[in-house]
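K.L.:
Pasting a structure here, questions to come.
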Amino acid sequence: MSEGKEVARFGPFAQAIANGVRKGNAIYLSGQVSIDAKGQIVGAGDFPGQVKQAYANVKEVLERFGASMSDIVDETWFVTDIDAVMGDLANIFGVRQEAFGGKPEVTQTLIQISALAMPELRIEIKCIAHV
Amino acid sequence: MSEGKEVARFGPFAQAIANGVRKGNAIYLSGQVSIDAKGQIVGAGDFPGQVKQAYANVKEVLERFGASMSDIVDETWFVTDIDAVMGDLANIFGVRQEAFGGKPEVTQTLIQISALAMPELRIEIKCIAHV
Amino acid sequence: MSEGKEVARFGPFAQAIANGVRKGNAIYLSGQVSIDAKGQIVGAGDFPGQVKQAYANVKEVLERFGASMSDIVDETWFVTDIDAVMGDLANIFGVRQEAFGGKPEVTQTLIQISALAMPELRIEIKCIAHV
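Below is the structure:
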């Protein structure tokens, strides 16, 4: 392994991918989706619920490095239905703000893609943090 | 806020997202689209015009950190019609080169996605800069 | 050019984009696809073959900076058919592990997009390395 690389690897996909990797001050996270610690999808038909669970997973990865949501600098939201975001923005960004525990001081890119790894998933959130 | 994080937040979407975040030498920018300072879409049916406006926005964010286009190291182009790029590459990359004020020394990922936040938008450009 | 920026620029798309850019300890790579040094598509109908060639290209870019696959910290897979990945995961991630020469200690985001730059391409891999 490359010198100085720290890896967090746990949960249902630990065999396939690292949940997070730190090198220097940068922490990269795998795209997080609405799947819990047992590999079960949470909130299949509930977009805000999926946002909440995805961020719960983000937070858990960050904690493995002693980092927190406020260390996130950049995020990309890959969603399957962008109108579901734009049409309910106050509510959904409220869920996001709650996940951050305050106004999120992060950059964002919001993209509608054509599919995620499982058909029930509606959002995958990719975060970069710097400590 | 995380120690040492600098945030640029202005314009029509300032309530929802940060335009740019700097931590250490890295500057992350939110995906930039062809929307002007008043929140109006520029060049609805004009792809090269949208590229130009998106980069104008990138430049403005960078300037808030005292940085410039030459500090960009990486960019991702999310476009709604990749054939419109590939079929007019010389022209479109000419607009890009003009935005950079010279040969862009940046890496690029070019992807066709299925939708952006507003139906008139044809490109969203996500940049990372290092100073 | 921004001070301290190192650029790798070679191969069939050298006029348009940099293959890799290093600034400080971070190395950004352009999205890599299954195209060889002569600009020919490799493995048009063969997804695992495309993964293999894309990583061969990643490796070549890294070598220009004296870096190796183990320095990769983050990757995004943009694929045209996510079911082709999920339905053949052991095989495809076997090809990936072989490309890394061991268990990849990297984060991953896996997204199905609607098109890549050429219709024969089925995957574009975007990597970030830190040395």
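From first to last, the protein sequence lines stand for chains A, B and C.
Using our numbering, count along the first sequence one by one with no gaps and you end on 131.
Using our numbering, count along the second sequence one by one with no gaps and you end on 1131.
Using our numbering, count along the third sequence one by one with no gaps and you end on 2131.
Just so you know, even glycine gets a beta-carbon here, dropped at the ideal spot from N, CA and C.
1. What do you reckon, are the CB atoms on A1117/B and I82/A nearer than 8 angstroms?
2. Apart from the five residues on each side of it in sequence, which residues of its chain come closer than 7 angstroms, Cβ to Cβ, to F93/A?
3. Use the C-beta contact count for Q2040/C: other C-beta atoms within 10 angstroms, 16 or more gives buried, fewer gives exposed.
4. Rounded to whole angstroms, what is the Cα-Cα separation between D1949/C and L2062/C?
5. Would DSSP call F1078/B helix, strand or coil?
6. Pick from P119/A, A90/A, Y55/A and T76/A: whose alpha carbon is nearest that of M2086/C?
7. Let me know the secondary structure DSSP gives A2014/C once reduced to three states.
8. Please state the DSSP three-state secondary structure of V73/A.
9. At a CB-CB cut-off below 9 angstroms, which residues of chain B make contact with Q112/A?
10. If you follow the alpha helix (DSSP H) that V2051/C is part of, which residue opens it and which one closes it?
11. Excluding the 5 residues flanking A1056/B on each side, which residues of the same chain have their C-beta closer than 8 angstroms to its C-beta?
12. Nearest to A26/A by CA position, among A90/A, E124/A, I72/A and V106/A, is which residue?
13. Helix, strand or coil for R96/A per DSSP?
14. Skipping 5 residues on each side, what residues in its chain have a beta carbon closer than 6 angstroms to that of L121/A?
15. Please compile the residues from chain B whose C-beta is within a distance smaller than 8 angstroms of the C-beta of Y2055/C.
16. Which partner residues does A1129/B have in the DSSP bridge list?
17. Answer yes or no: does any C-beta atom of chain B fall closer than 8 angstroms to that of E2075/C?
18. Quick check: the Cα distance between G2024/C and T80/A, rounded to an integer number of angstroms?
19. Please confirm whether E1124/B has its beta-carbon closer than 8 angstroms to some beta-carbon of chain C.
20. Let me see if you follow: with CB-CB separation under 8 angstroms, is F1047/B close to chain A or not?
21. Give me the residue from N2019/C, I2125/C, F2013/C and P2012/C with the minimum Cα distance to E2006/C.
P.N.:
Reading off the structure:
1. Along the second sequence, read from residue 1 onward, the residue named residue 1117/B stands at position 117. Along the first sequence, read from residue 1 onward, the residue named residue 82/A stands at position 82. For A1117/B and I82/A, yes; Cβs fall inside 8 angstroms.
2. Locating residue 93/A in the first sequence gives position 93, where the first residue counts as 1. Within the same chain, F93/A has no close Cβ partners at all.
3. Position 40 of the third sequence, counted from the first residue, corresponds to residue 2040/C. Flag for Q2040/C reads exposed.
4. Given a span of 2001 to 2131 for chain C in the structure shown, any question on residue 1949/C remains unanswerable.
5. What you label residue 1078/B is simply residue 78 of the second sequence in a count that begins at 1. Correct three-state label for F1078/B: strand.
6. Your numbering for residue 2086/C matches position 86 in the third sequence. When P119/A, A90/A, Y55/A and T76/A are compared, the shortest CA-CA separation from M2086/C is found for P119/A.
7. Walking along the third sequence from the start, residue 2014/C turns up at place 14. Residue state for A2014/C is assigned as coil, using DSSP reduced to three classes.
8. Within the first sequence, numbered from 1, the residue matching residue 73/A stands at position 73. When secondary structure is reduced to three states using DSSP, V73/A falls in the strand class.
9. Walking along the first sequence from the start, residue 112/A turns up at place 112. Within chain B, the residues whose beta carbon sits less than 9 angstroms from that of Q112/A are I1113, S1114, A1115, L1116 and A1117, listed in sequence order.
10. Position 51 of the third sequence, counted from the start, is the residue given in the question as residue 2051/C. V2051/C -> alpha helix (DSSP H) spans F2047 to E2063.
11. In the second sequence, counting from the first residue as 1, residue 1056/B sits at position 56. If you ignore the 5 residues before and after A1056/B, its C-beta comes within less than 8 angstroms of the C-beta of A1099, all in its own chain and listed in chain order.
12. Against the first sequence, residue 26/A aligns to sequence position 26. Measuring from the Cα of A26/A, the nearest candidate turns out to be I72/A.
13. As a working note, residue 96/A is residue 96 in the first sequence. Here R96/A sits in helix by DSSP.
14. Counting from one through the first sequence, the residue named residue 121/A turns up at place 121. Cβ within range, chain order: V33.
15. On the third sequence, residue 2055/C is found 55 positions in, with the first residue counted as 1. Those do not exist, as Y2055/C stays about 15 angstroms from chain B at its closest Cβ, beyond 8 angstroms.
16. Reading the second sequence from its first residue, position 129 is the one you call residue 1129/B. Residue pairing by DSSP places A1129/B opposite I1027/B and I1072/B in a beta bridge.
17. Indexing the third sequence from 1 puts residue 2075/C at position 75. Not an interface residue.
18. Start at 1 with the first residue of the third sequence, and residue 2024/C comes out as number 24. Start at 1 with the first residue of the first sequence, and residue 80/A comes out as number 80. Between G2024/C and T80/A, the C-alpha separation is close to 36 angstroms.
19. Position 124 of the second sequence, counting from 1, holds the residue named residue 1124/B. It does not: the Cβ of E1124/B has no partner Cβ on chain C nearer than 8 angstroms.
20. Looking up residue 1047/B in the second sequence gives position 47. No, no contact with chain A.
21. Mapped onto the third sequence, residue 2006/C falls at position 6. Ranked by how close their Cα comes to the Cα of E2006/C, the residues N2019/C, I2125/C, F2013/C and P2012/C have N2019/C in first place.
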